[in-house]
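Notes to accompany the following structure.
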Amino acid sequence: VCAMTSTPVSTARPAASTADPLAEGSLGRHVAGHPLVLMYANVPALIMPTLHPKIAHVLSEKDRALNGSEDLPTLQAASRRLISTYEMVMGIVFAGPEADEVAHGLYELHRPISGSMPDGSPYHAWNKDVWNWTWGSILKGGLDIADEFGLFANDDEREQAYRALKEIGIRYGVRALPETYAGFCDYWQPIVDDTLEVSPQVQFIVDHALNLAKPRGWGLVPTPLWRLLSLPVTRTVRVGVLAGVPEKFHA
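In terms of our numbering, the sequence shown opens at residue 54 and continues consecutively.
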């Protein structure tokens, strides 16, 4: 949610504010690489961009898992895109002297993504509305999950984390998100209320995230046993969805 609420926390805090919101010792760097954020935000990072109809259409054309051209049409296939993007995002934060190269690589990774919308209008991954929403929606899921697990002691720390995650986007070319978290909420909420929708692409992600397919080579494992073995993962995914996706899409 976008409401500003303070969350008490008892752990030691990283350094508060620095000129670089991703500097070593900063709260922003701490949140960006926090294990709870990385673990629980992964599926919301697939769902939230895809709730936007334009992005769902692009993925229906370009993503081999979502359009059925992938031999293994499961979340394992859809997650390849997420895993490579996650690794590059973490490189922007933690790769030191190579961070600028990683950021440029992530920007260029999207250069070939173009085509036409159903109404005939052209699209490109760098189009401002799609480009902003993709990172903005991933950013918001990460902040909500950090909030859910008490990583922010107060509104100022949430603001620091927002500036840090916004800075990640700036470094790979997402330069039009609002300056403040309050401004971001003003940008975010109307899109959630009026634009987002559950498409077949979103349903694909949710269905396969909550009903994990057996990995290759596990075909002889009885299905009831596999469901039991995969239960910790599916429960983690479910918590991530509940914390990182707006409530109106939980049904």
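Heads up, the beta-carbon is just placed ideally off N, CA and C, and yes, glycines get one too.
- Using a C-beta cut-off of 8 Å, the segment 228-244 makes no contact with the segment 85-96, since fewer than three inter-stretch Cβ pairs fall below that distance.
- Here the C-alpha atom of W179 lies approximately 24 Å from the C-alpha atom of D246.
- P171 carries a coil assignment under DSSP once its states are collapsed to helix, strand and coil.
- Between Q254 and the set V155, Q213 and H105, the nearest pair of CA atoms involves H105.
- The beta carbon of V155 sits closer than 7 Å to the beta carbons of M141, G144, I145 and A148 from its chain, once the five residues preceding and following it are set aside; these are given in chain order.
- For the 8 Å CB-CB criterion, I198 and L89 form a contact.
- DSSP places F237 in the uninterrupted alpha helix (DSSP H) bounded by Y234 to D247.
- Beta bridge pairing from DSSP links H177 with S167.
- Secondary structure at S137: helix, using DSSP grouped into helix, strand and coil.
- Across the structure, P285 and F202 are spaced so that their CA atoms are roughly 18 Å apart.
- Sorting P275, A262 and V251 by C-alpha distance to the C-alpha of K301 places V251 at the top.
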